[in-house]
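First up is the structure itself, then whatever we jot down about it.
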Amino acid sequence: MSLTGLSIGAMRDLLARRQTSALELARQHLDRIESLDSSTVRAMLTVTREHAENQARAADARLQAGGDAPLLGIPMILKDVLTTRGIRTTAGSKILETFVPIEDGTITRRLAEAGTVMLGKSNMDEFAMGSSTENSGFFPSRNPWDLDRVPGGSSGGSAAAVGAHFAPFALGTDTGGSIRQPGALCGVIGFKPTYGRVSRYGLIAFASSLDQIGPFTRTVEDCALVMNAIAGYDPCDSTSLQAPVPDYTAALSRVPSLKGVRLALPREYFNVQGIEPGVEAAVKSAIKHLESLGAELGEVSLPHTRYGLATYYLIAPAECSANLARYDGVKYSLSIREPGASLWDVYERSRGEGFGREVKRRIILGTYALSSGYYDAYYLKAQKVRTLIKQDFDTVFETYDAVVGPTSPTVAFPLGAKTQDPLAMYLNDLFTIPTSLAGLPGISVPAGLSSGLPVGLQIIGKALDEAGVLRIAHAFEQSTDWHTLRSPVAQMEAVRS
Amino acid sequence: VIPLRNVMRDDTPRAAFPAEDILKNAPVSHDGQFMVPPVLE
């Protein structure tokens, strides 16, 4: 029996009834990855078969002893920016090509304690900077719906892996849309929780005031199950929120009704330059569907949306220029030391050869924005506009329960289409960046096709209202069929080793 | 401006990593320390 297309819930049932084992689940997924990945999506940077089989055997022992933790024995994939003890963690960069962490990050550890089985580490844009996974220091990943197109990014490997049925869930990170946008482009669910909801301890930092870890899954219920395992306070992360974590599955209702739910449609997210007509049409029809479920719709304005991209491209590079200073060729990264070289030469050569073009571009932009004389004009100004963007949302949430709109202005684009034009690439995140700047939770759910490629509906909630976002997403999913569409790669058969 | 004051945790010591672990990823180390090229002429 093929187990690789199942939901987490279905896998749990089979495990509970002893109709399969964690080891069989892990092996079927590993076989699939090993026989299909290199010739299709190239989602993986490292496959950890031995580690996975050991974790699966331990999960089977717990199952034998009557254990029934919700994720016990469930296979998963981590974006290669989450540290894993004893397993290479590259952040998609040549500068960390041989880096082997000495400690698990908090989320790696929590998932291991929950009994999940890690199959490997997924490809990504270098240091999570990008929207196509073409900035990976190793190779680009591809979209499971069309191998000539990008999977989105920066968590493109994780999104493609879930869309190719390499795992029922994978974790990504979202700084300006890096979970939601690849989720939309690969036809899977991608969820960025509230900033501070999930611990960042052991997450290799890009922009510390924006980075947040979240899941990719194929169903909303699975997303809720993973959130139950990863959300919550962590004393090791000073930005981690000390707020109670509800049972996210309890928020999901069997009956898809949105009676009494007020949804805001921001004017700035529709009829704008750059949005593909097919995407807009699919999203509008999805919103009509939400209305048919009982939701009350209202048009609103988020007037500072048009400053979102500019604000983000000051704040994120500024923070990255500080965070990436640690890769100096001395402590744990690529080190290029010619005989007779000075310490300064080591810094220059190691960074010069270790970092890719986009990472260098952002370090330079950020360093400039923070430099004395320009700090007030750029960085400080951006922080003030960030507050205005957050206030836009605060005002809307006085009246509405959630904001809905497109996740990405386009469907998956061909590889190479935007690599020569950074600004065109940045525009992918037009609708996801404001949410990130405001720290809000946002999900992308499959909501239709345009030219045969997936379109995502974005649902943005109030701070810490992940449950409300999941509830709306679930009602939509349960009354539509979009999430049941399978990508061409998902339909390919694996060869058993 | 920000509706939050500094949040401080208790200053309780925790176990630190052994020096040999910290140095595992060092490109060059010597005698329990990171090695860098000479910085003084």
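Protein sequence lines correspond, in order, to chains W and P.
Counted the way the working numbering counts, the first sequence spans residues 7 to 503.
Counted the way the working numbering counts, the second sequence spans residues 1083 to 1123.
All C-beta atoms, glycine included, are put in the ideal place defined by N, C-alpha and C.
From a predicted model like this one, the values you see are computed outputs, not experimental measurements.
Interface flag, residue i vs chain P, CB-CB below 8 Å
i                 : result
Ser298 of chain W : no
Pro241 of chain W : yes
Tyr338 of chain W : yes
Ala347 of chain W : yes
Ser341 of chain W : yes
Val352 of chain W : yes
9 Å Cβ cut-off: residues of chain P touching residue i
i                 : result
Val106 of chain W : Lys1106 and Asn1107
Backbone CA spacing between residue i and residue j [nearest angstrom]
i                 : j                  : result
Leu191 of chain W : Leu42 of chain W   : 20 Å
Lys100 of chain W : Asp334 of chain W  : 13 Å
Thr122 of chain W : Ala331 of chain W  : 34 Å
Leu51 of chain W  : Ala75 of chain W   : 29 Å
Glu305 of chain W : Arg268 of chain W  : 11 Å
Ala316 of chain W : Met431 of chain W  : 13 Å
Gly411 of chain W : Asp1092 of chain P : 43 Å
Pro460 of chain W : Ala1108 of chain P : 44 Å
Ala322 of chain W : Pro241 of chain W  : 25 Å
Thr438 of chain W : Leu153 of chain W  : 25 Å
His295 of chain W : Ile466 of chain W  : 17 Å
Tyr254 of chain W : Glu359 of chain W  : 45 Å
Residue-chain proximity (residue i, chain W), Cβ-Cβ < 8 Å
i                  : result
Pro1095 of chain P : no
Pro1119 of chain P : yes
Asp1103 of chain P : yes
Arg1091 of chain P : yes
Cβ-based burial, residue i [other Cβ within 10 Å; buried from 16]
i                  : result
Ser493 of chain W  : buried
Lys390 of chain W  : exposed
Gln464 of chain W  : buried
Lys265 of chain W  : exposed
Glu1123 of chain P : exposed
Ser457 of chain W  : exposed
Asp131 of chain W  : buried
Glu286 of chain W  : buried
Pro107 of chain W  : buried
Trp350 of chain W  : exposed
Asn129 of chain W  : buried
Thr96 of chain W   : buried
His171 of chain W  : buried
Ala120 of chain W  : buried
Contact list for residue i against chain P, beta-carbon separation under 8 Å
i                : result
Val87 of chain W : Those do not exist, as Val87 of chain W stays about 16 Å from chain P at its closest Cβ, beyond 8 Å.
Selection from the options that minimises the alpha carbon distance to residue i
i                 : options                                   : result
Ala134 of chain W : W:Gln218, W:Ala316, W:Thr401 and W:Pro420 : W:Gln218
Lys198 of chain W : W:Thr181, W:Ala213, W:Tyr254 and W:Arg23  : W:Thr181
Asp228 of chain W : W:Ala211, W:Arg312, W:His35 and W:Ala257  : W:Ala257
Ile185 of chain W : W:Val232, W:Gly162 and W:Glu354           : W:Gly162
Asp37 of chain W  : W:Ile14, W:Ser8, W:Asp154 and W:Tyr318    : W:Ser8
Ser160 of chain W : W:Ser137, W:Pro345 and W:Ala170           : W:Ser137
Gly73 of chain W  : W:Ser205, W:Ile449, W:Ala22 and W:Thr89   : W:Ala22
Leu31 of chain W  : W:Ala49, W:Thr10, W:Tyr318 and W:Gly15    : W:Thr10
Ser244 of chain W : W:Tyr207, W:Ala473, W:Phe276 and W:Leu177 : W:Tyr207
Val495 of chain W : W:Pro345, W:Ile478 and W:Arg155           : W:Arg155
Residues that residue i contacts on chain P, provided the C-beta gap is smaller than 7 Å
i                 : result
Gly335 of chain W : Pro1109
Check: residue i C-beta below 7 Å from any heavy atom of the ligand SAM
i                 : result
Arg357 of chain W : With respect to the ligand SAM, the structure offers nothing, as it holds no ligand at all.
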